[in-house]
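J.:
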């Protein structure tokens, strides 16, 4: 690693710090914040070892242009997503010309993690959170109704057996959603590796995240009805973030492992023909 590389790392760290401190509200819940902070170390770990090519180098013009556009539009709009895309483009502009050619394919696959290292879902995705809450409330109300409870739903609020339950913004799982996407992306990289099925599964991670978050809402509502609202809103609610991550990790591991096995069997049968 040359002095220019070290200077690039310092620039990336400074810009990342600038993005992170724009709005510190995302640091409110440790269980949801930790995976976001861990996204970049996960990126480094999954890409290890990082072997740099020798000789003079210059940044990729495409990556540099995308980075400039991202930071410019982010500054105008205040969008953390645009900042994240600009920062990740700058990282790619550097690494794509520095790492050995055989590592570049895996580099492209891992770039989802630097994008997820900034809390843009929480800070920019309030509409996503509202839909997560509304759909999760509807599924929960329908389930309790089928279980024989008297249920009245109004928006993101439920009345179960006369007990009012509000699916608040904290149940939207926006921080948790980003954490789940990070966990799912890591599992996909580890299990599916360089297989072409990796990218379609990255898209499906949003669906898996919705399932996991809806299960969290159901569990919290069950705790409120079966035990007490105070219990559901206390430590049980705080543990819900870790529960969702565990569900997401387990769900992705099982599905990706099964998918990998089926793909290998399919490819093996094709080769035998």
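In the working numbering, the protein residues as written are 85 to 357. Just so you know, even glycine gets a beta-carbon here, dropped at the ideal spot from N, CA and C. Because the structure is a prediction, the values reported are computed rather than measured.
1) Could one say the Cβ of residue 146 lies closer than 8 Å to chain D's Cβ atoms, at least one of them?
2) Could you give the C-beta distance for residue 306 and residue 216, rounded to a whole number, given that I count them as a contact under 8 Å?
3) Are the Cβ atoms of residue 83 and residue 176 separated by less than 8 Å?
4) Quick check: the Cα distance between residue 292 and residue 221, rounded to an integer number of angstroms?
5) Which residue spans inside the region 175-212 form an unbroken beta strand (DSSP E) run of at least 3?
6) Between the beta-carbon of residue 171 and the beta-carbon of residue 92, is there less than 8 Å?
7) Spell out the partners DSSP gives residue 244 in its beta bridges.
8) Who pairs with residue 136 in a beta bridge, going by DSSP?
9) Kindly list the residues whose CB is nearer than 7 Å to the CB of residue 111, restricted to its own chain and excluding five residues on each side of it in sequence; keep chain order.
10) Assuming residue 293 is part of the alpha helix (DSSP H), what are its boundary residues?
11) Give every residue of the same chain whose Cβ lies closer than 8 Å to the Cβ of residue 85, excluding the five residues on either side of it in the sequence, and list them in chain order.
12) Quick check: the Cα distance between residue 104 and residue 202, rounded to an integer number of angstroms?
13) Going by C-alpha distance, which of 132, 161, 181 and 131 is nearest residue 147?
14) Following the continuous alpha helix (DSSP H) through residue 161, name the residue where it begins and the one where it ends.
15) Would you say residue 243 and residue 309 are within 8 Å of each other, going by their C-beta atoms?
16) Of all the options 133, 313 and 101, which has the alpha carbon lying nearest to the alpha carbon of residue 167?
17) In whole angstroms, what separates the C-alpha of residue 127 from that of residue 275?
18) By the 10 Å Cβ neighbour count, where 16 or more other Cβ atoms means buried, how is residue 234 classified, buried or exposed?
19) Excluding the 5 residues flanking residue 347 on each side, which residues of the same chain have their C-beta closer than 8 Å to its C-beta?
20) Residue 91 by DSSP, collapsed to three states: which one?
21) Closer than 8 Å is the cut-off here; do at least three beta carbon pairs connect the region 226-233 with the region 203-214?
T.: According to the structure data:
1) Within the model displayed, chain D is absent; a lone protein chain is all it includes.
2) Reading the chain shown from its first residue, position 222 is the one you call residue 306. Reading the chain shown from its first residue, position 132 is the one you call residue 216. Going by Cβ atoms, the distance from residue 306 to residue 216 rounds to 18 Å, so no, they are not a contact pair.
3) Because the chain in this structure spans residues 85 to 357, residue 83 falls outside the shown range and cannot be described.
4) Numbered from its first residue, the chain shown carries residue 292 at position 208. Numbered from its first residue, the chain shown carries residue 221 at position 137. Computed Cα separation, rounded: 17 Å.
5) none
6) Taking the first residue of the chain shown as 1, we reach residue 171 at position 87. Taking the first residue of the chain shown as 1, we reach residue 92 at position 8. Contact flag unset, no.
7) Counted from its first residue, the chain shown places residue 244 at position 160. Beta-bridge pairing links residue 244 to 235 and 247.
8) Here residue 136 corresponds to residue number 52 of the chain shown, with the count starting at 1. In DSSP, residue 136 forms a bridge with 183.
9) What you label residue 111 is simply residue 27 of the chain shown in a count that begins at 1. Here the set comprises 117.
10) Position 209 of the chain shown, counting from 1, holds the residue named residue 293. Where residue 293 is concerned, the enclosing alpha helix (DSSP H) stretches over 282-310.
11) In the chain shown, residue 85 corresponds to position 1, counting from 1. If we look at residue 85 and ignore the five residues flanking it on each side, its Cβ neighbours are 136.
12) The residue given as residue 104 occupies position 20 in the chain shown. The residue given as residue 202 occupies position 118 in the chain shown. Answer to the nearest angstrom: the Cα atoms are 7 Å apart.
13) Position 63 of the chain shown, counted from the start, is the residue given in the question as residue 147. Considering only alpha carbons, the answer is 181.
14) Locating residue 161 in the chain shown gives position 77, where the first residue counts as 1. 145-161 is the span of the alpha helix (DSSP H), which, as asked, contains residue 161.
15) Sequence index remark: in the chain shown, residue 243 carries index 159 (1-based). Sequence index remark: in the chain shown, residue 309 carries index 225 (1-based). Taking 8 Å as the Cβ cut-off, residue 243 and residue 309 do not qualify as a contacting pair.
16) Counted from its first residue, the chain shown places residue 167 at position 83. Minimum Cα distance to residue 167 is reached at 101.
17) In the chain shown, counting from the first residue as 1, residue 127 sits at position 43. In the chain shown, counting from the first residue as 1, residue 275 sits at position 191. Roughly 15 Å between the two C-alpha positions.
18) For this step, residue 234 is matched to residue 150 along the chain shown. Exposed, because fewer than 16 other Cβ atoms sit within 10 Å of the Cβ of residue 234.
19) For this step, residue 347 is matched to residue 263 along the chain shown. So the list reads 279 and 281, once near-sequence residues are dropped.
20) Within the chain shown, the letter at position 7 stands for residue 91. DSSP places residue 91 in helix when its eight states are reduced to three.
21) no
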